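Residue numbers (our numbering): 1371 to 1842.
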């Protein structure tokens, strides 16, 4: 049997016994499983969001507004680092779920080992490149003479820690996929909690300013990485590190990268999209319009983050049951997730349309900005209630290993449709054209998502007709 077959079929050596955590994915009640896997994921993501807010507050209070500006300059760098981490973590977790569902324990462990090797290899390469061109890169991203020292100090101390960050979050996804959603949540809470504690100590107590924030982050991420690595060295876990799984194999690497490409590309594209949106807002609006877009993005991102957390809970259930060819359970999980996501996003849309001024007042007291934000919400959120379905559909294809369709859906809303609309509508509708680009792209992306999902479910129904169906 070839290496590729070992990676993709159930013919490899089996695990010595069926782990009850994995068995639950095949036999447990779908609603309870989705709750048990989604709640820790949602909680962990919200905790990380809170950490990001608190971290920025500490930097602003302890190092001043120029430090905040320097921090903002580093966001594109961080987006690239995140994209490369997601490339491995998301792809590896989906492959592990599918292989475990197919009883290919050896193949799943091979993916785990290759994920660690890829994370370390890619991390060392991009960190080395960033270190070599740090100042020119920061200047290209907009650093001035005043903000460059802050951005440089932050990245100089943070770069080594990015490798630990990628290890922690890449393997955290695999941890969840192998049946440990609560531990995966704890991984994120450890990093966020330690960072929040250390930030004031290093920034204020030791008077290190923005350097202290970077060092605090490095220590926090080191603790998260140790926690994750310890889990996979534990002989009691169903999926663990062992000899012979670290050498890169083409089948394993291809499987990881192809599936992880979709969410990774979204992170890469995010920086370019932000630049295009901001330029359009400046040309057809003002600084108030840019600030209003920031409030809109913050609010909608929080809602989407909850949906992404639910999708992270869906992923191991769908992947495992697809691998074990329990298609009835797969469809049940999909539609339950769609229902939950739609309820959440619809509720968020209703709040945004009914109370935009109240939301804006949480961010500012400027009446001009409040009115501009209210106008933005009244147009940009008209079709936002459909976004939950899009996110679930994208993650569904990623979970069952259909990388191409996942990439198409990942890029459809914010790249394929939104970018052209941002060039077409503002010349005709001025500032309202910028806001109108959002709901139109939402509708078009929903149509594409529905068509691809309908076609895929037809294929699955044909596959199910050839299988002995497991009860839902």
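No residue lacks a Cβ here, since even glycine has one placed at the ideal position from N, Cα and C.
This one's a predicted model, so the numbers in the text were calculated from it and none came from an experiment.
Handout entry: C-beta contact flag for residue 1760 and residue 1816 at 8 angstroms
Key = In this structure, residue 1760 sits near residue 1816, with a CB-CB distance shorter than 8 angstroms.
Problem - Rounded straight-line distance, which links the Cα of residue 1535 to that of residue 1450 - result: Spanning the two alpha carbons is a distance of roughly 13 angstroms.
Handout entry: Contact check, residue 1609 vs residue 1482, beta carbons under 8 angstroms
Key = Result yes, Cβ atoms of residue 1609 and residue 1482 sit closer than 8 angstroms.
Problem - residue 1851 vs residue 1693 beta-carbon contact at 8 angstroms - result: Outside the modelled stretch of the chain, which goes from 1371 to 1842, sits residue 1851, for which no answer is possible.
Exercise for the section: Please specify which runs of the alpha helix (DSSP H), each continuous and at least 4 residues long, are wholly inside the segment 1557-1608, giving them in chain order. Expected result: Along the segment 1557-1608, the alpha helix (DSSP H) occurs as fully enclosed runs of 4 or more residues at 1579-1603, listed in sequence order.
Handout entry: Minimum C-alpha distance to residue 1416 - residue among 1669, 1784 and 1787
Key = The alpha carbon of residue 1416 has as its nearest neighbour, out of 1669, 1784 and 1787, the alpha carbon of 1669.
Handout entry: Three-state secondary structure (DSSP) of residue 1736
Key = Coil.
Practice task
In angstroms with no decimal places, state the Cα-to-Cα distance between residue 1378 and residue 1709.
Solution key: Any reading at residue 1378 needs caution, since the residue's pLDDT is 42, under 50, leaving its predicted position unreliable; the model's value is listed next. Taking the straight line joining both Cα atoms gives about 31 angstroms.
Problem - Outcome for residue 1508 when other beta-carbon atoms lying within 10 angstroms are tallied against a minimum of 16 - result: When all chains shown are included, residue 1508 counts as buried.
Handout entry: Whole-number beta carbon distance between residue 1754 and residue 1812, since they are thought to touch under 8 angstroms
Key = Their Cβ separation, rounded to whole angstroms, is 6 angstroms, which keeps residue 1812 and residue 1754 in contact under 8 angstroms.
Practice task
Could you check what DSSP says for residue 1741 in three-state terms: helix, strand or coil?
Solution key: In the displayed model, residue 1741 falls within a helix according to three-state DSSP.
Handout entry: residue 1515 in three-state terms, based on DSSP
Key = If DSSP states are grouped into helix, strand and coil, residue 1515 belongs with coil.
Exercise for the section: Select from 1814, 1793, 1750 and 1752 the residue whose C-alpha is nearest the C-alpha of residue 1778. Expected result: Closest option to residue 1778, Cα to Cα, is 1814.
Problem - Through-space distance from residue 1522 to residue 1533, alpha-carbon basis - result: Rounded to the nearest angstrom, the two C-alpha atoms are 18 angstroms apart.
Practice task
Pair every Cβ in the segment 1716-1734 with every Cβ in the segment 1490-1505, then say whether three or more of these pairs are closer than 8 angstroms.
Solution key: At 8 angstroms Cβ cutoff, the stretches do not touch.
Practice task
With DSSP collapsed to three states, give me the class of residue 1655.
Solution key: Shown here, residue 1655 sits in coil according to DSSP, grouped into three states, outside any helix or strand.
Handout entry: Within 8 angstroms, strictly: CB atoms of residue 1555 and residue 1414
Key = The answer is yes: Cβ separation under 8 angstroms.
Problem - Residues of its chain near residue 1620, where Cβ-Cβ distance is below 6 angstroms and the 5 sequence neighbours each way are ignored - result: Short of 6 angstroms from the beta carbon of residue 1620, and not among the five residues preceding or following it, lies no beta carbon of its own chain.
Exercise for the section: Evaluate contact between the segment 1727-1746 and the segment 1780-1796, counting only Cβ atoms and requiring at least three cross-stretch pairs below 8 angstroms. Expected result: With the cut-off at 8 angstroms, the segment 1727-1746 and the segment 1780-1796 do not touch.
Handout entry: residue 1829, buried or exposed, once every other Cβ within 10 Å from all chains shown has been counted against 16
Key = Exposed, because fewer than 16 other Cβ atoms sit within 10 Å of the Cβ of residue 1829.
Exercise for the section: May I ask you to report which of helix, strand or coil DSSP gives residue 1503? Expected result: Three-state result, residue 1503: coil.
Practice task
State the CB to CB distance for the pair residue 1569 and residue 1530, rounded to an integer number of angstroms; the pair is presumed to be in contact (CB under 8 angstroms).
Solution key: About 18 angstroms; that fails the 8 angstroms criterion.
Problem - Secondary structure of residue 1473, DSSP reduced to three states - result: The answer is coil: DSSP assigns residue 1473 none of H, G, I, E or B.
Practice task
Closer than 8 angstroms by C-beta to residue 1832: which residues in its own chain qualify, once you throw out the five before and the five after it? Chain order, please.
Solution key: Closer than 8 angstroms at the Cβ level, and outside the excluded window around residue 1832, lies no residue.
Exercise for the section: With DSSP collapsed to three states, give me the class of residue 1714. Expected result: The answer is helix: DSSP assigns residue 1714 an H, G or I state.
Problem - Distance CB(residue 1743)-CB(residue 1639) smaller than 8 angstroms - result: It is not a contact, given that the beta carbons lie outside the stated cut-off.
Exercise for the section: Go ahead and label residue 1730 buried or exposed: buried means 16 or more other beta carbons lie within 10 angstroms of its beta carbon, across all protein chains shown. Expected result: Buried, because 16 or more other Cβ atoms sit within 10 Å of the Cβ of residue 1730.
Practice task
Identify, in the order they occur along the chain, each residue of the same chain with its Cβ nearer than 7 angstroms to the Cβ of residue 1658, setting aside the five sequence neighbours on each side.
Solution key: Excluding residues up to 5 positions away in sequence, 1738, 1739 and 1742 lie with their Cβ nearer than 7 angstroms to the Cβ of residue 1658 in the same chain.
Handout entry: Rounded C-alpha distance that separates residue 1330 from residue 1775
Key = Lying before the first or after the last residue shown, residue 1330 is absent from the chain, which here runs from 1371 to 1842.
Exercise for the section: Note the first and the last residue of the continuous alpha helix (DSSP H) segment covering residue 1803. Expected result: Under the DSSP assignment, residue 1803 falls in the alpha helix (DSSP H) whose first and last residues are 1801-1835.
Exercise for the section: Use the C-beta contact count for residue 1762: other C-beta atoms within 10 angstroms, 16 or more gives buried, fewer gives exposed. Expected result: Residue 1762 should be labelled buried.
Handout entry: Segment limits, alpha helix (DSSP H) that includes residue 1794
Key = Per DSSP, residue 1794 belongs to the alpha helix (DSSP H) from 1788-1794.
Practice task
Look at the alpha carbon of residue 1597 and the alpha carbon of residue 1542, and state the distance between them as a whole number of angstroms.
Solution key: When rounded, the distance between both Cα atoms is 10 angstroms.
Handout entry: Burial state of residue 1402, where buried means 16 or more other Cβ atoms lie within 10 Å
Key = Exposed, because fewer than 16 other Cβ atoms sit within 10 Å of the Cβ of residue 1402.
Exercise for the section: With DSSP as the reference, label residue 1775 as helix, strand or coil. Expected result: Three-state DSSP puts residue 1775 in a helix.
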